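Residue 201 is where the sequence shown ends in full-length UniProt numbering, and the numbering goes up by one at each step.
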Amino acid sequence: MPRRLIQRYMPHPDTLKRTRSLRFMSHIIGDASLWVLTRRSVGNAFMVGLFCALLPIPFQMLLAAFGAWLLRCNLPLSVGLVWLTNPLTMPPIFYCNYRLGAWLLDTPASHVPDRISTQWIAERMVEALPALLLGSLVSAVVLGLAGNALIRLIWRWHVSRSWRRRARRRRQARQQAVPPADTRSCADAPTPEADIDPPGR
């Protein structure tokens, strides 16, 4: 995984320190070991961030930062991936999680009426909470592990491709450094007899 591409989108430590929910963790955010970009740290950061993003709970960023500190992985990536669930993506993602949980619990899922009222939301929230929590937990575990494995595979593929390119460039450089061999054929080469004067001359 190219480090420059990741660093381009990583927030600055001061930006995270100014975040209201993370201010009391400023001494942890400033830890340089939590900003290292390695295959392990990035893979675990994706796992933590995706896991926290799919949980229907408040303070997801705080939980992601604590998880990054606990696993010693890249903290800004863990916190940034939490924004996978934002006001635009939350409704469809959590509804899919709810449907998954209802299927796992073998309970009928509630259908959304044409007109949604506050009373309907309050009543359905209590009924849908077990299915929502279970579906979100299963989705978070599966997506977190899949993200970790995918990042490690992509990182390994990128490193091996870079090594192959370097080896190919080195071979080409060595070939260009070798002087070209004499390509004259044996027929063009002078023979010893050509230097001997013919008899009677």
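In this text, a Cβ means the ideal position worked out from N, Cα and C, and glycines have one as well.
Just so it is clear, the structure is predicted and the values come from calculations on it, not from any experiment.
- Contact between the region 63-79 and the region 43-55 is present: 3 or more CB-CB pairs across the two stretches fall below 8 Å.
- For VAL48, the enclosing alpha helix (DSSP H) stretches over residues 39-53.
- Annotated three-state conformation of ALA109 is coil, per DSSP.
- TRP69: member of the alpha helix (DSSP H) spanning 60-71, first to last residue.
- Burial state of LEU81 is buried, judged by a 10 Å Cβ sphere holding 16 or more other Cβ atoms.
- Between GLY147 and ASN97 the beta-carbon gap is near 16 Å, outside 8 Å, which marks them as no contact.
- Closest in C-alpha terms to MET90, from the list ILE57, VAL79, ARG72 and THR19, comes ILE57.
- Rounded to whole angstroms, the separation of the alpha carbons of VAL36 and CYS73 is 8 Å.
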